[in-house]
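Colleague:
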Amino acid sequence: MPATRRTSRRAESRQPLQSRPVAKADIIILSSDDESSAPKKPLAPKKNINERTKKAKRTPIPISAEILEISSEDEGQNPMSSQTLGLEQLLKEANQEIERLKQKLQQCATSQQPVLQLPAAPATARDPKDREITRLQEALTHSQHAERKTKATIASLDEHVSCEICTCKIWVPYT
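If you're matching positions, the sequence shown starts at 1 in full-length UniProt numbering and goes up one per residue.
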């Protein structure tokens, strides 16, 4: 036999809830009339400023005069490890070499005669080789300037040529 549900439960669930009678003690009446408000609790008296500062200025608790330090007698001298000794020796040698090099630098600076700078060649050189050199140098600086300008132009165009979704170059404009 198939399982059936009880029909009485359905009938009960569809019926409205019965309300129980409300006692007068359960009803709270709210009004906005200008009735006297409930008495306020008296505020605690504010402490005097002097009382507050007295607490802050209290003398600290005296520290005991006797302080015992516990240590063993063997801890006085720690033997340095061989690695530490080796590093100290290396540091001494490095400092000595620095001093030696500083002295050598001073000797070289005092013994060296100042080098005279030759005046720059005039723009119109007499030798045809010099003219060719100056022409090539000017061409080089001009081409370097043009290259920098071209790179700046390409960088500004890159934003307009790249797809915003896949960041690939768009070779044919969308119409």
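A virtual CB, placed ideally from N, CA and C, is assigned to each residue, including glycine.
Predicted model only: the values in this text are computed from it and were never measured.
(1) Quick one: does the C-beta of Ser162 sit closer than 7 Å to a heavy atom of the ligand NAP?
(2) By DSSP, does Ser31 sit in helix, in strand, or in coil?
(3) Start and end of the alpha helix (DSSP H) containing Ala152?
(4) Skipping 5 residues on each side, what residues in its chain have a beta carbon closer than 7 Å to that of Val172?
(5) I'd like the list of long-range same chain contacts for Lys102, defined as Cβ closer than 7 Å, with 5 residues on each side in sequence excluded.
(6) Would you kindly work out how many angstroms separate the C-alpha atoms of Leu87 and Ile98, rounded to a whole number?
(7) I'd like the span of the alpha helix (DSSP H) that includes Lys169, first residue to last.
(8) My assumption, with CB atoms under 8 Å, is that Val161 sits in contact with Lys169. Please give the rounded CB distance.
(9) For Gln112, does the three-state DSSP call read helix, strand or coil?
(10) In three-state terms, what does DSSP make of Glu69?
(11) Under a three-way DSSP split, which group does Ser82 fall into?
Modeller: With the structure as the only source:
(1) Questions concerning the ligand NAP fall outside what the structure shown contains, since it holds no ligand whatsoever.
(2) coil
(3) 128 to 161
(4) By the criterion of a C-beta distance shorter than 7 Å, Val172 is surrounded by no residue of its chain, once the five residues flanking it on both sides are discounted.
(5) none
(6) 16 Å
(7) It is not in any alpha helix (DSSP H) - Lys169 carries neither H nor E in the DSSP assignment.
(8) Sure, about 6 Å apart at Cβ, within 8 Å.
(9) coil
(10) coil
(11) helix
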